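Residue numbers (the numbering used here): 199 to 413.
Worksheet for the structure shown next.
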Ligand code: MD6
Ligand code: FE
C-alpha cells in the first residue's frame, strides 16, 4: 500500500479519508500523557456514566464531557446542556491543551476558525460499540468535528448521508485525530465492537474525545 511507502514523510499533514474527512495519524504525539492526566481531573468532577437513549436503552459507551456545553441523552432526547445532570454543576472547563490540540488539527484540515465549546468524552471497553448515527445536535454544520483517539484501536465505520449507504471501515489508533466536516459533516458513522486488548496508557479501554462547536 502507498500508505506504508509514504508513512515516513511526516510533511504529509492530513490524509483524506472521504471528501471532507481527514485522518491525522499520530497527531497527538507526546501530548498523550498530558491529555490523559487532564482527563483524570475532569473525570474526578464529572465521572463516567452510561446514559439512557430516548428509547430507554442504556448506552454501552460510558461518557462524560468538558467545556461550556456537554452532550446528554435521556428519555427526553439528545441535546447539549451546560450542567452535568448528575451533579447539576457546570461541566468541567475545557483545558487549554485540549482546545489547542483541536484547533490546530482543524486548521490543518482547512477549518481555521474552529472554536470548540463542547468536548464529548467516550470510553469503550471490550465489546462496546457505537451504532451508526449522525451528529446533528450542533447548531452550525459549517463547523467540523475533531475526534481524538486514545488507548486501544477501534474500527471506525464511515457510512454515507443515508443510513443504508455502504460503510467504509478504517482503524483509529492511539494518538490519531480525525477532522470531519464539509460534505462529510452529516455522514452516518459508528464504532465496531471493540476488540479486547491492553494499552500501556489506558489499560483495557479506548477513549475518544470529540470536539464540537455546539452552541
Ligand atoms: C468515537 N466518534 O470515535 C465516536 N462523531 O468513539 C464519533 O461518534 C464521531 O469520531 C463525529 C465525528 C467524529 C467522530
Ligand atoms: Fe458521532
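From the three backbone atoms N, C-alpha and C, an ideal C-beta is built for every residue, glycine too.
Because the structure is a prediction, the values reported are computed rather than measured.
Proximity to residue i [Cα-Cα], best of the options
i: residue 232; options: 298, 262, 245 and 266; result: 298
i: residue 257; options: 229, 353, 307 and 391; result: 391
i: residue 284; options: 254, 371, 244 and 347; result: 244
i: residue 308; options: 363, 220, 404 and 361; result: 220
i: residue 356; options: 340, 269 and 333; result: 333
i: residue 360; options: 382, 343 and 367; result: 382
i: residue 385; options: 364, 369 and 397; result: 364
i: residue 411; options: 335, 370 and 348; result: 335
i: residue 268; options: 282, 214 and 275; result: 282
i: residue 275; options: 289, 251 and 260; result: 251
i: residue 393; options: 358, 409, 352 and 214; result: 352
i: residue 404; options: 331, 270, 260 and 338; result: 260
i: residue 249; options: 271, 242 and 241; result: 271
i: residue 362; options: 238, 242, 397 and 331; result: 331
Rounded Cβ spacing between residue i and residue j (contact assumed at less than 8 Å)
i: residue 324; j: residue 247; result: So it is not a contact: roughly 19 Å between Cβ atoms.
i: residue 227; j: residue 380; result: 26 Å between Cβ atoms; not a contact.
i: residue 376; j: residue 329; result: Incorrect: roughly 18 Å between the Cβ atoms, too far for contact.
i: residue 373; j: residue 230; result: 6 Å
i: residue 296; j: residue 341; result: No, residue 296 and residue 341 are not in contact; Cβ-Cβ is about 16 Å, not under 8 Å.
i: residue 300; j: residue 263; result: Between residue 263 and residue 300 the Cβ distance is about 14 Å, and since that is not below 8 Å, they are no contact.
i: residue 327; j: residue 388; result: 7 Å
i: residue 408; j: residue 215; result: Actually they are not in contact, since the Cβ atoms of residue 408 and residue 215 sit about 16 Å apart, beyond 8 Å.
Distance CB(residue i)-CB(residue j) smaller than 9 Å
i: residue 306; j: residue 212; result: yes
i: residue 322; j: residue 350; result: yes
i: residue 280; j: residue 266; result: yes
i: residue 293; j: residue 236; result: yes
i: residue 303; j: residue 354; result: no
i: residue 366; j: residue 406; result: no
i: residue 273; j: residue 254; result: yes
i: residue 378; j: residue 343; result: yes
i: residue 400; j: residue 222; result: no
Bridge partner(s) assigned by DSSP for residue i
i: residue 306; result: None, per the DSSP bridge assignment.
i: residue 250; result: 256
i: residue 276; result: 271
i: residue 321; result: 260 and 405
i: residue 372; result: Beta-bridge pairing links residue 372 to no other residue.
i: residue 147; result: Not covered by the structure: residue 147. The range shown for the chain is 199 to 413.
i: residue 387; result: 331 and 356
i: residue 410; result: 316
i: residue 346; result: 375 and 407
i: residue 288; result: 281
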